[in-house]
Amino acid sequence: MRYLPHTQDDIAEMLHTIGIESLDALFDSLPAACRRKKALNLAEPLTEWELNRHMNSLADSMAVCPEYRVFLGAGSYDHYIPEVTRQLLGRSEFYTAYTPYQPEISQGTLQAIYEYQTLTSRLLGLDVANASMYDGASALAEALLMAIRITRRNKVAVSRLIHPLYRRVIQTYFAPTGYEVVELPFLENGRTDLSRLGDLADIAGVAIQSPNFVGCVEDLGSISETIHSDKKTLMIVSFSEPLAYGILKSPGSQGADIACGEGQSLGIPRSFGGPGLGMFASKSAYMRQMPGRLIGKTTDLEGRRGFVLTLATREQHIRREKATSNICSNQGLCATAAGMYMAALGGTGIRELAQLNHDKAAYLKAGLTGAGFDIPFSAPTFNEFTVKFPGGFDAKYSALLAKNIVAGLPLAPYYPELKGYYLLCVTETMDKADMDMLVKEVTS
Amino acid sequence: MTEKTGASGLILNEPLLWEKGKKGRRGFSLPRRDVPSAPLPSDLMGDGPDFPDLSEIDIVRHYTRLSTWNFGVDSGMYPLGSCTMKYNPKTNERQASLPGFAQAHPLLPPELAQGALKLMFELQNLLGEITGLPSVTLQPAAGAHGELTGMLIFHAYHKTNGETRSKILIPDTAHGTNPASAALCGFHSIPVKSNAEGILGPGDVEALMDEDTAGIMVTNPNTLGLFENNIKQVAEIVHARGGLVYADGANMNAVMGIVNMADIGVDVLHLNLHKTFSTPHGGGGPGSGPVCVTRALDKFLPVPRVVKTGAAYALSDDYPDSIGKLHAFYGNFGIQIRAYSYILSMGPDLKKASQYAVLNANYLKESLKDVLHLPYDRPCMHECVFTDQNQHAFKVTTLDIAKRLMDYGFHPPTIYFPLVVSGALMMEPTESECKENLDHFIDALKQIAEEARSNPDLLLNAPHLTKVKRLDETTAARKPCLAG
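So the protein lines, in turn, are chains A and B. For the first sequence, the numbering used here begins at 1454 and goes up steadily by one. For the second sequence, the numbering used here begins at 1482 and goes up steadily by one.
This is the structure we're talking about:
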């Protein structure tokens, strides 16, 4: 096997040094009752070439561009990934390194993540960002737990327009804790209804997603006024499409105390839902309550700039059961990719790309409106929006699948009251011709 | 003596991203605009983030230079204990980047995602066969996420039995993630001291286990690199009081094809695909932490689950006792692809990988025990733990030895862990290293031990050949600067 360098001579010499006769004898100290009785029942090893063939056949069965036109967003977005990102990320000094516990030989990772933290905090308009969480859902669950730690209150409020799968992850994280999660309904215009928030005095944090799951941009400024009418309650802004902040006001500038979400959009392939990137930022006042790793700037013995993992006393390897989180491995390479992607776009590029995403989606929205379809939510949208198709559209949706078109995501499985509602997404990868075709197909 | 691997070379400095560039440069090919511009309401529009504008070559040189400041498995031997820094096969990267996988949307209708679902279904079965625990979820995104999954299953199991148990037993050799994961589920950790042999004594567990204790979290082999020989008795004691046994599978690389986890009484186990199953660690992640359980606990696994009907695969949420969802989608699928590729490439040779990993560790242990102090002199599994006791006389510590190893071209071992050994140096060579590399490493440590005697300053000021010298971590923590 090409991954195993041992020759028979090597093995014999090493066994001799150890003073035993056989490889099996290495395990003689294990009680017999602990030894496996049956050999591994695994197929013979594949050669590199057989593996390629097998994996090609699995991958070929997947519905992807260019054979398919997929108008799906809902937390996973199709954006062009520059070859630069792919190739630089493929430098194995980055991807075959461990967590940078030994800073003198990990400065590449450390500076790259420090830059990611900086660009993330600038994008989200907050003081500090961590080195990443697993994904947008777990980041939000941890943000709510952080709000509970900071405020010492036991209840959180979560908009129903937060990604439904994120809300299910929150339920899982909260199930054994005894903390209460209340859900906030939404208005006819597709924005969260805060009027039922009630007394804020016992609420640790209120979480709002923007753009929200049905595609609408929330009015974060006025939401902040409502939430901050109680001095302690924290405003948590969640997101699944951070590219929107290339053009929208940042969560921090609108009063968010914590902003967290999914960063897959920023140069990371969709990869059937993972690995993505849990982005997490907060005001500096809450830095010591943050979950996850943080990279800080410092100097070496000779006064040169360098970077280290810092504030580790929050973390599990030091604080054990009193840590702010149990997270250890994070999504470091994805954070590195996002840093590269944000650097490639630049301040000018991210604005233009975000505007283009908005405009493409606006084009399709206008096309569907023109064809007589109902856009039920009136609030402004970014690159996703909801359409209400007429009764019986299910059959059309299935027929379109057979034509290699995925005409958005049906919302009814997530919101039973939204029967016939579909969430459509258009990014820069979709041509005008694709959108014209979709309008034609759903109309015909 | 062969030539020393560590050498000085030309390393280029590189500023921070925002110290470079000029407004108006770009490193991205903006897609053609084929639709009219549409205004957004001005009250929602912001100024956009303050990012530097860089050209493509600026970015390429930036990250290329940064990469040269890093040490990876591809650079050299990386004997970081409990991290299993084995070779990351290149073909696995190819498989994960196939467009059918990389571009697949997670909410595709199942009939359009058969390849991915089949891969997940088969990987679950493979991991079930390798561990002996047949029911598997791939959803946890990392080892600690797997531990949380396991603790949620403990919680749900006791709840189903009409009980709320408040405590959990955790050996003093455990990774810090164990008590932290248990705490997230409201369990109070009760430490169990390991005995003079470095393993759990059944009597110690017996004395602590009661009807208010949810179970025990055991790492086996443990972080001293020792097999928990009493695991079966420990499991019987825990089960007799209604508890469950969790195994932290971080060290599974020692026992593939050697131990069946169900046979030794384990109920729940997490794996680290980024350790045992060769997926790259990425400078901190992404990892993947599948959880394997007994049939009896199957119903608690996270949803959605991959199900097979006839030849077709689908996702099902129809598991009313499930603990729920841990990840927005199905975990780190891209990492699952790599592990699946590795298992298919290895087949039954996975047992050889474990044998050679244990061979390498025992070879290191025997070759170094006259150089460094070995606190537990008994056959080890895939890793062995030394201390700096022999070097105390020269005022040289574990940290100094670790830093000096860098000058010799090696990544240091894990240091100061496990906590039960003062000044620990925990070495895990993995099966990827050939005998010559191990001999090189042994020689380096012998020379370092000699330097400690003859010229301790060489160690105290190490490393000498790296891009930066030792860094001021105290100031970094006292006056945090986390963004530029």
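From the three backbone atoms N, C-alpha and C, an ideal C-beta is built for every residue, glycine too.
With respect to 7 Å, is the separation between the Cβ of residue i and the closest non-hydrogen atom of the ligand FAD below this value?
| i | result |
| --- | --- |
| residue 1885 of chain A | With respect to the ligand FAD, the structure offers nothing, as it holds no ligand at all. |
If you draw a straight line from the alpha carbon of residue i to that of residue j, how long is it in whole angstroms?
| i | j | result |
| --- | --- | --- |
| residue 1743 of chain A | residue 1736 of chain A | 10 Å |
| residue 1656 of chain B | residue 1663 of chain B | 12 Å |
| residue 1528 of chain A | residue 1855 of chain B | 51 Å |
| residue 1541 of chain A | residue 1909 of chain B | 29 Å |
| residue 1882 of chain B | residue 1732 of chain B | 25 Å |
| residue 1603 of chain B | residue 1748 of chain B | 21 Å |
| residue 1635 of chain A | residue 1616 of chain A | 15 Å |
| residue 1459 of chain A | residue 1770 of chain A | 35 Å |
| residue 1708 of chain B | residue 1646 of chain A | 57 Å |
| residue 1536 of chain B | residue 1805 of chain A | 16 Å |
| residue 1795 of chain B | residue 1600 of chain A | 37 Å |
| residue 1781 of chain A | residue 1560 of chain A | 19 Å |
| residue 1770 of chain B | residue 1764 of chain A | 25 Å |
| residue 1543 of chain B | residue 1759 of chain B | 28 Å |
| residue 1670 of chain A | residue 1493 of chain B | 45 Å |
Let me know the secondary structure DSSP gives residue i once reduced to three states.
| i | result |
| --- | --- |
| residue 1472 of chain A | coil |
| residue 1505 of chain A | helix |
| residue 1690 of chain B | coil |
| residue 1897 of chain B | coil |
| residue 1954 of chain B | helix |
| residue 1584 of chain B | coil |
| residue 1551 of chain B | strand |
| residue 1489 of chain B | coil |
| residue 1662 of chain A | strand |
| residue 1833 of chain A | coil |
| residue 1675 of chain A | helix |
| residue 1842 of chain A | coil |
| residue 1906 of chain B | strand |
| residue 1796 of chain B | strand |
| residue 1518 of chain A | coil |
| residue 1504 of chain B | coil |
Can you pull the chain B neighbours of residue i, defined as C-beta to C-beta under 8 Å?
| i | result |
| --- | --- |
| residue 1487 of chain A | 1708, 1710, 1712, 1713, 1740, 1744 and 1745 |
| residue 1541 of chain A | 1540, 1541, 1544, 1545 and 1548 |
For a contact defined as C-beta to C-beta under 7 Å, what are the partners of residue i on chain C?
| i | result |
| --- | --- |
| residue 1568 of chain B | In the structure shown, chain C cannot be found, because the protein chains are A and B. |
In chain B, what lies closer than 7 Å to residue i by C-beta?
| i | result |
| --- | --- |
| residue 1889 of chain A | None at all; the shortest Cβ gap to chain B is about 10 Å. |
| residue 1575 of chain A | 1530, 1531 and 1532 |
| residue 1599 of chain A | What residue 1599 of chain A touches in chain B: nothing, since even the nearest Cβ is about 12 Å away. |
| residue 1588 of chain A | 1622, 1808 and 1809 |
Looking at the secondary structure, which residues open and close the beta strand (DSSP E) in which residue i lies?
| i | result |
| --- | --- |
| residue 1769 of chain A | Per DSSP, residue 1769 of chain A belongs to no beta strand (DSSP E); it is in the alpha helix (DSSP H), 1769–1772. |
| residue 1732 of chain A | 1731–1735 |
| residue 1867 of chain B | 1865–1867 |
| residue 1585 of chain A | First-last for residue 1585 of chain A: undefined, no H or E at that position. |
| residue 1562 of chain B | No beta strand (DSSP E) contains residue 1562 of chain B, which DSSP labels as neither H nor E. |
| residue 1760 of chain A | 1758–1763 |
Kindly list, in the order they appear in chain A, the residues whose Cβ is closer than 9 Å to that of residue i.
| i | result |
| --- | --- |
| residue 1595 of chain B | 1511, 1514 and 1515 |
| residue 1839 of chain B | 1476, 1479 and 1480 |
| residue 1487 of chain B | Neighbours of residue 1487 of chain B on chain A: none; closest Cβ ~10 Å, over 9 Å. |
| residue 1991 of chain B | Given that chain B is displayed from residue 1482 to residue 1965, the structure contains no residue 1991 of chain B and the question cannot be resolved. |
When the Cα of residue i is compared with those of the options, which residue comes out closest?
| i | options | result |
| --- | --- | --- |
| residue 1545 of chain A | B:1562, B:1549 and B:1580 | B:1549 |
| residue 1548 of chain A | B:1553, B:1566 and B:1561 | B:1553 |
| residue 1804 of chain B | B:1907, B:1631, B:1717 and B:1945 | B:1631 |
| residue 1739 of chain B | A:1481, A:1792 and A:1472 | A:1481 |
| residue 1869 of chain B | B:1539, B:1907 and B:1920 | B:1907 |
| residue 1817 of chain B | B:1599, B:1489 and B:1524 | B:1599 |
| residue 1774 of chain A | B:1758, B:1927, B:1700 and B:1650 | B:1650 |
| residue 1537 of chain A | A:1713, A:1568, A:1720 and A:1551 | A:1720 |
Just reading off the alpha helix (DSSP H) that residue i is part of, what are its end residues?
| i | result |
| --- | --- |
| residue 1966 of chain B | Nothing about residue 1966 of chain B can be reported from this structure: the residues present for chain B run from 1482 to 1965 only. |
| residue 1592 of chain A | 1589–1604 |
| residue 1692 of chain A | Where residue 1692 of chain A is concerned, there is no enclosing alpha helix (DSSP H), although the beta strand (DSSP E) it sits in stretches over 1687–1692. |
| residue 1937 of chain B | 1937–1941 |
| residue 1787 of chain A | 1785–1823 |
Taking C-beta pairs closer than 9 Å, name the residues in chain B that residue i reaches, listed in chain order.
| i | result |
| --- | --- |
| residue 1787 of chain A | 1763, 1766 and 1767 |
| residue 1797 of chain A | 1507, 1508, 1509, 1535, 1537 and 1540 |
Which residues in chain A have a C-beta closer than 8 Å to the C-beta of residue i? List them in chain order.
| i | result |
| --- | --- |
| residue 1951 of chain B | 1557, 1753 and 1754 |
| residue 1805 of chain B | 1621, 1622, 1624, 1625 and 1628 |
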